[in-house]
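First residue of the sequence shown? That's 5 in this note's numbering, and the numbers climb one at a time after it.
By construction, the Cβ of each residue, glycine as well, lies at the ideal position given by its N, Cα and C atoms.
Presented below is the structure to which this report refers.
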Amino acid sequence: MSDPEHLAILRQGVQAWNHWRQQAQPLVFWRPSPLYGQGPDLSGADLREADLAGINLDYTNLRGANLSEANLKGASLLLADLRNVNLQRANLCRARVTADLRSADLREALLAGADLRGSWLDASIRLEGVLLQDAEHGSARLAGLDWSQVKLAAIDWEQVTILGDEELLFAPSQPGDEPSALNKRLEEYERLWQYESAIRSYESLSQALQEQGLPAPATRFRERARLLRQHPEYRELRQHHRKERSLRAALDTAIALLRWGSLPGGLALASWGLALVLWQPWPGLVPLLLGMLVFVSSLFSQLRERKPAFPPSLVLEQVLATTGLVASIALFVLGPLLLVARKAGAAVSLLLSLFGGSLYLVSIFSLRSEQGSSIFARFSVISLLPLCILLLPGLLCIVGPPSSRPAMIFESLILLLLASSTFLIGRAQ
């Protein structure tokens with residue numbers, strides 16, 4: 005049953021009702037919700053032949069109400085509960101009826117120019133003799149409707165020559181000031197959305213008509229959708245949107261790579277600078293300090309984000325694994341160079357190689373275990389790193405002193421073992 009207070013206010017007239025809605029809704033019953041009918045309660049009310057033109061019935065519970073022959077022209081019924089409501093011969097021209105219409109009786113109702121987008125329909129809705137288009141109010145907007153359960157044969161589709169979704173595209177625009185660049189871009193996006201909404205409404209209605217054995221109107225609406233797709237303005241908007249989307253995707257990818265790649269990039273630069281410092285202090289000091297600065301600033305920005313792109317635990321694990329990977333590569337390179345330059349003995353070179361190999365194996369296994377890793381998604385490339393570094397000891401075996409050849413051969417065996425082990429780890433996972 006309806007709320008007596010709400011019904012009494014409604015009987016004072018549309019102006020009093022709308023004023024009460026505007027004043028009372030933040031205080032009394034306004035409950036924003038995706039559910040239908042969460043506002044005033046007029047369920048079961050007898051409102052036959054009532055003049056409710058321009059009334060605000062958003063979120064109103066009208067379940068089971070009798071609104072036959074009522075004048076609801078230009079009314080707003082956003083998210084209203086209209087289940088089992090009687091709307092026979094009601095005037096809903098240019099009304100906003102985004103509502104729950106299951107089991108509603110709309111026989112001979114006037115829906116010309118009405119906005120029905122997103123309404124909830126079912127098999128028990130009555131649509132016999134409904135008027136969807138006339139010369140004065142235009143055609144109803146039907147985008148986003150699920151026609152699968154509706155008996156479309158009850159509607160005279162010969163009267164519908166165009167849908168309101170397409171009429172909106174070619175309606176005369178209101179004169180106004182010259183739009184700014186931002187407003188112009190927003191207008192282009194809205195224009196593209198209107199085209200696609202009209203195309204989808206035609207295609208969904210055409211498919212439903214075809215499935216229910218009504219090929220003539222289905223073919224006509226399918227042709228309307230095809231003509232809209234071939235419209236020069238739509239094709240130009242689509243092409244412009246694709247270019248912007250491609251540029252935006254490329255920019256987002258570059259930013260993501262720069263943010264996430266700065267961690268291992270800084271480590272790689274620092275390790276290269278450290279290798280140079282061992283030979284020539286001053287030239288290697290610049291990349292060492294620069295790499296450490298990039299690494300620390302990137303790590304700090306990742307951990308300071310309110311909503312980081314990666315969880316802090318994952319960031320730290322990836323940093324540790326990447327540190328081990330970069331350090332192992334540096335040790336692989338430094339060991340043979342130290343031996344050839346007679347800066348260290350063969351035992352030191354072999355220890356460096358073994359330590360670098362163990363770091364490499366642990367790091368590559370840790371990186372493979374992380375499912376969310378984005379840098380090392382292609383693990384086969386990492387598995388080839390020992391083979392690539394193998395060229396260095398192989399070359400030094402040829403051109404280096406004879407005393408370094410046993411150590412070089414042993415390090416080559418270590419690198420081959422690492423490459424094969426990382427490959428086997430990748431196959432096992």
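Reference residue i; option with closest CA among the options
i: V440; options: L82, L105, N75; result: Because the chain spans 5 through 433 in this model, residue 440 falls outside it and cannot be assessed.
i: E207; options: K188, L149, A254, H245; result: L149
i: S6; options: G41, R25, A20; result: G41
i: G217; options: V18, M296, K155; result: K155
i: L51; options: V18, L82, Q26, Y63; result: V18
i: A157; options: S250, S210, L120, T257; result: S210
i: A54; options: E162, E73, L213; result: E73
i: L213; options: L71, W151, Q27; result: W151
i: L172; options: E194, L86, M296; result: E194
i: R439; options: W124, D109, L120; result: The chain is shown from 5 up to 433; residue 439 falls before or after that span and cannot be answered.
i: L61; options: L71, L120, A84, N187; result: A84
i: E112; options: H235, W124, L125, R93; result: R93
i: W124; options: E162, R249, L39; result: L39
i: A79; options: A220, L71, I59; result: I59
i: Y199; options: R230, K188, E215, P221; result: R230
i: E192; options: L251, A220, R239; result: R239
Cβ-based neighbour list, residue i, same chain, cut-off 7 Å, excluding 5 preceding and 5 following
i: S205; result: L146, A147, L167, D169
i: P30; result: Note that P30 scores 47 on pLDDT, short of 50, meaning its location in the model is unreliable; the coordinates nonetheless yield the value given after this. So the list is empty, once near-sequence residues are dropped.
i: A49; result: S6, L11, A69
Between the CA atoms of residue j and residue i - distance to the nearest angstrom
i: L294; j: A254; result: 27 Å
i: S201; j: G122; result: 12 Å
i: Q243; j: L91; result: 44 Å
i: F314; j: L297; result: Unreliable positioning characterises F314 in this predicted model, as indicated by a pLDDT of 49, which lies under 50. A coordinate reading is not provided.
i: S143; j: A118; result: 7 Å
i: S301; j: R100; result: 54 Å
i: Q27; j: L81; result: 18 Å
i: L241; j: R228; result: 19 Å
i: E140; j: L114; result: 12 Å
i: K445; j: F174; result: Given a span of 5 to 433 for the chain in the structure shown, any question on residue 445 remains unanswerable.
i: E237; j: P176; result: 16 Å
i: P291; j: D256; result: 28 Å
i: T223; j: E132; result: 22 Å
i: R226; j: N187; result: 33 Å
i: R189; j: L120; result: 27 Å
Whole-angstrom C-beta distance between residue j and residue i, which should lie under 8 Å
i: N65; j: P44; result: 7 Å
i: T165; j: Q137; result: 7 Å
i: L135; j: A116; result: 6 Å
i: H235; j: L196; result: With a Cβ gap of about 11 Å, H235 and L196 do not count as contacting.
i: Q153; j: D126; result: 5 Å
i: I203; j: R233; result: 6 Å
Nonlocal neighbours in the same chain, by C-beta distance under 8 Å from residue i, ignoring five residues either side
i: I13; result: A20, W21, W24
i: S128; result: R106, S107
i: R15; result: none
Cβ-based neighbour list, residue i, same chain, cut-off 6 Å, excluding 5 preceding and 5 following
i: S47; result: S6, N65, R67, G68
i: K77; result: A57, N95, C97
i: D160; result: none
i: E9; result: none
Proximity test, residue i beta-carbon vs the ligand FMN heavy atom, cut-off 7 Å
i: D138; result: Judged by which ligands are present, the structure shown has none, so any question about the ligand FMN falls away.
Beta-bridge pairing of residue i - partner residues as DSSP gives them
i: L135; result: L114
i: W437; result: Look at the range of the chain in this structure, 5 to 433, and you will see that residue 437 is not part of it.
i: R145; result: D119
i: S80; result: N60, R100
i: R130; result: D109
i: N65; result: D45, D85
i: N95; result: N75, L114
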